[in-house]
Amino acid sequence: MSDTAIITLNSNNIEQQHICCAISDKKCAEGVRLKKEWLQERFQEGLRFKKLDVRQKVFIEYLPADYAWCPVEAPGYLFINCLWVAGSFKGKGHGAQLLAECLEEAQGANGIVAVTGRTKKPYLSDKSYFLHNGFQVCDQAPPYFELVVLKSNETAPTPKFKATVQSQKVEFSEGLQLFYTAQCPYTSYYIGELETGAQERGIPLQVRRIMTTEEAQNAPTPYTSYSLFYKGHFITHEIMTRNKFEKSVEGWIEKYGLPG
Numbered sequence: 096m097s098d099t100a101i102i103t104l105n106s107n108n109i110e111q112q113h114i115c116c117a118i119s120d121k122k123c124a125e126g127v128r129l130k131k132e133w134l135q136e137r138f139q140e141g142l143r144f145k146k147l148d149v150r151q152k153v154f155i156e157y158l159p160a161d162y163a164w165c166p167v168e169a170p171g172y173l174f175i176n177c178l179w180v181a182g183s184f185k186g187k188g189h190g191a192q193l194l195a196e197c198l199e200e201a202q203g204a205n206g207i208v209a210v211t212g213r214t215k216k217p218y219l220s221d222k223s224y225f226l227h228n229g230f231q232v233c234d235q236a237p238p239y240f241e242l243v244v245l246k247s248n249e250t251a252p253t254p255k256f257k258a259t260v261q262s263q264k265v266e267f268s269e270g271l272q273l274f275y276t277a278q279c280p281y282t283s284y285y286i287g288e289l290e291t292g293a294q295e296r297g298i299p300l301q302v303r304r305i306m307t308t309e310e311a312q313n314a315p316t317p318y319t320s321y322s323l324f325y326k327g328h329f330i331t332h333e334i335m336t337r338n339k340f341e342k343s344v345e346g347w348i349e350k351y352g353l354p355g
């Protein structure tokens, strides 16, 4: 296992430290600022952001599930927002080193939960990695979300998604509706690309930033960082670049009809 030093971000050092995501992407500077503000507010709720002492995306972010920005019922558990080991740092034990930090803290909790995809998906944690480390799938939500758990207390209730996510539909039939938070530093910039693409296509777009824990815990999707709906139907949790939007929009129209 790697023994590279781990830095824990907190209110005192966050302005001097990078937050891994969008580390060298200058166009996401506003998103990084918003993410740091979001982290500052979450630290008082028990959020932990731990990263390898390197300039790369190698980090874990977790907090008590009672404060998770996700519609899950997991009292007494820890909730992993993100576990990311990028590029040349993969396969060297860094993921295990970071997960061990969370596991140690979970000894005083009921266990750990995380949202994954049924198959490997961008932006979602790798289910196979969690299963390899003893986690089990404990719930599912359409179209491809899964909840995995590693119990520390075997008598604790098994976590589950809230009922709000089971339909994966919203009451908005005009066109596109985006739900997002400041959790991901990429969203702020790429919302602009989505807005431009929708405007050029003449598709109405409603953008809704989730601002509170309560809103997030009652959201219509497990992935509150970025989830896009078209004519009320869930489309994707993947951030829409302009190119990705142009490649995808005809498929949405074909499946659900013209906007409006």
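Residue numbers for the sequence shown follow my numbering, beginning at 96 and rising by one.
Virtual Cβ for every residue (Gly too), placed ideally from N, Cα, C.
Keep in mind the model is a prediction, meaning the values are calculated, not measured.
Review point. Nearest-angstrom Cα distance between proline 170 and tyrosine 162?
Key: 10 Å
**Study point:** Assigned secondary structure, isoleucine 286 (DSSP; H/G/I helix, E/B strand, else coil)
**Key:** helix
Review point. Using CA coordinates, which residue listed in Tyr172, Lys122, Val153 is at the minimum distance from leucine 142?
Key: Tyr172
Review point. Just checking my contact of alanine 335 with tyrosine 281 at CB under 8 Å: how many whole Å lie between their CB atoms?
Key: Note on residue identity: the sequence assigns methionine, not alanine, to residue 335. With a Cβ gap of about 11 Å, methionine 335 and tyrosine 281 do not count as contacting.
Practice item. Please list, in chain order, all residues of the same chain as leucine 158 whose beta carbon is under 8 Å from its beta carbon, the five residues on each side excluded. Key: Contacts found: Arg137, Glu140, Gly141, Leu142, Arg143, Leu173, Phe174, Asn176.
Check your understanding: Based on Cα-Cα distance, which residue from Leu323, Leu198, Val180 lies nearest to glycine 190?
Key -> The shortest Cα separation from glycine 190 among Leu323, Leu198, Val180 belongs to Val180.
Exercise for review: State the CB to CB distance for the pair leucine 245 and phenylalanine 230, rounded to an integer number of angstroms; the pair is presumed to be in contact (CB under 8 Å).
Suggested key: 5 Å
Check your understanding: Taking the alpha-carbon positions, what's the arginine 213 to glutamine 235 distance?
Key -> 8 Å
Point to revise | Bounding residues of the beta strand (DSSP E) (the contiguous stretch that carries leucine 245) | key: For leucine 245, the enclosing beta strand (DSSP E) starts and ends at 240 to 246.
Review point. Are there three or more Cβ pairs, one per stretch, closer than 8 Å when the stretch 322 to 339 is compared with the stretch 271 to 278?
Key: Touching, yes, given that three or more Cβ pairs across the two stretches are closer than 8 Å.
Practice item. Hey, could you find the ends of the beta strand (DSSP E) tyrosine 325 is sitting in? Key: 321 to 325
**Study point:** Inter-stretch contact (C-beta, 8 Å, three-pair minimum) for the stretch 101 to 112 and the stretch 126 to 134
**Key:** yes
Practice item. Answer yes or no: do leucine 219 and valine 232 have a C-beta to C-beta separation smaller than 8 Å? Key: no
Check your understanding: Since leucine 158 sits in a beta bridge, which residues does DSSP pair it with?
Key -> Beta-bridge partners of leucine 158 (DSSP): Phe174.
Check your understanding: Mind checking whether lysine 130 and glutamine 278 have CB atoms under 8 Å apart?
Key -> yes
**Study point:** Residue of Ile348, Thr259, Gly182 minimising C-alpha distance to arginine 296
**Key:** Ile348
Exercise for review: Counting only the same chain and skipping the five closest in sequence on each side, list residues whose C-beta sits under 6 Å from that of lysine 222.
Suggested key: Exclusion of the five residues before and after lysine 222 leaves Thr211 as the residues of its chain whose Cβ lies within less than 6 Å of its Cβ.
Check your understanding: With DSSP run on the structure shown, which of helix, strand or coil describes methionine 96?
Key -> Any reading at methionine 96 must be qualified, since the residue scores a pLDDT of 47, below 50, and its modelled position is unreliable; no value is offered.
Review point. Just how far apart, CA to CA, sit phenylalanine 154 and glutamate 288?
Key: 28 Å
Exercise for review: Could you check the C-alpha separation between threonine 250 and glutamate 196 for me, to the nearest Å?
Suggested key: Using only the alpha carbons, I get a separation of about 23 Å.
Review point. Whose C-beta lies closer than 8 Å to the C-beta of glycine 126 among residues of the same chain, with five residues either side of it excluded?
Key: Ala117, Ala277, Cys279, Pro280, Tyr281, Thr282, Ser283, Tyr284
Review point. In its own chain, which residues sit with a C-beta less than 7 Å from the C-beta of threonine 308, not counting the 5 before and 5 after it?
Key: Tyr162, Trp164
Check your understanding: Excluding five sequence neighbours on each side, which residues of the same chain lie with their C-beta closer than 6 Å to the C-beta of glycine 292?
Key -> Cβ-Cβ distances below 6 Å link glycine 292 to Arg337, Phe340 in the same chain, with the five nearest sequence neighbours on each side left out; the list follows chain order.
Exercise for review: Would you decide whether glycine 206 is buried or exposed? Buried here means 16 or more other CB atoms lie within 10 Å of its CB.
Suggested key: buried
Check your understanding: Hey, out of Lys264, Ser247, Val167, whose CA is closest to proline 317's CA?
Key -> Val167
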